[in-house]
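Numbering (the numbering used here), first residue to last: 1163 to 1501. All residues carry an ideal CB built from backbone N, CA and C; glycine is no exception. Here the structure is laid out as structure tokens; the discussion comes afterwards.
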């Protein structure tokens, strides 16, 4: 077994768009291995505002590309990756050996005794973005019909049970991971014989209504109470709405009230990602980081395998044009060693 506390010169293919090349609109793409055009939501603000350079979403992009038989050793508070090892080698260690190894990392990186060291398993098996594109295409239409920004539909579908019907440990179910009680409140039938959370269109409408009726109003109210100015197209506002969708307004409110930043945007989220409050813990902190990573991975997929369709009203026909070459500007990231 080999474990390494080092940076590696080779790179994951984490290449990003030039911000100017990413449209701020619903766009229609046709993948090279498919025959139809599908709608997606693209937003250059992630790159223009600098979210793509933050270590947390960069970390999760690596996790999305790493197979589950490998582990990223990382410093929890910064998500700095300090090494890699095979998952089985970590699992087979005794608790004493694990603690000694964690202490050695703290010593090498001059960390406090309470600084947590995480061993994050690769998630490549979980995220299959090309398979989710048909669902995004349909959800964009449904969310627009419900008067809700389709950006939210895309964000949810990319990270919540992508392309699969699964129950969460908390009991959420379906493509939009709705809880049973919430689903009923939003008009879905959930009983012993019927569970409309498993049906895409009703679940999408339920999710859109939840965002319109609960998540958006509660987020606006919370930010007004905090005296923070925002625009509803701001990336940080959208991410906060997604936190309310995921964790509930009560948990988000308690965490936000601990944030001392007097402005929104990246400074606000850098502090929120370090804030815990009752049921707003590590999974909640990760939620918006993973959304950012997934959106960037989707952009990369479209850059590599997509051709942009001529016009949205005719996107179901075969007319499409080659996606222009896009300048790439992201610095390289480390790649795991081969054992």
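Counted as a single uninterrupted DSSP element, the alpha helix (DSSP H) harbouring residue 1458 occupies residues 1444 to 1467.
Put simply, of 1213, 1198 and 1376 the residue whose alpha carbon is nearest the alpha carbon of residue 1429 is 1213.
In the three-state reduction of the DSSP assignment, residue 1198 falls in the coil class, being assigned neither a helical nor a strand state.
Each residue's CA atom was taken as its position, placing residue 1343 and residue 1334 some 10 Å apart. With contacts defined by Cβ atoms closer than 8 Å, residue 1336 and residue 1359 form a contacting pair. The residue among 1346, 1230 and 1265 with its C-alpha nearest the C-alpha of residue 1289 is 1230. Residue pairing from DSSP leaves residue 1253 without any beta-bridge partner. In this model, residue 1437 and residue 1362 are separated by some 34 Å (Cα to Cα). For residue 1338, no alpha helix (DSSP H) encloses it, and the DSSP letter there is neither H nor E.
The C-beta of residue 1394 has fewer than 16 other C-beta atoms within 10 Å across all chains shown, which makes the residue exposed. If one requires a minimum length of 3 residues, the beta strand (DSSP E) runs lying completely within the region 1257 to 1293 are 1279 to 1283, in chain order. Assignment of residue 1348 by DSSP, reduced to helix, strand and coil, places it in the coil class. Measuring C-alpha to C-alpha distances from residue 1246 to each of 1239, 1279 and 1376 identifies 1279 as the nearest. Per DSSP, the beta-bridge partners of residue 1232 are 1248. Distance from the Cα of residue 1285 is smallest, within the candidate group 1308, 1452, 1366 and 1407, for 1452. Contact check for residue 1314 against residue 1188 fails: the beta carbons are separated by 8 Å or more.
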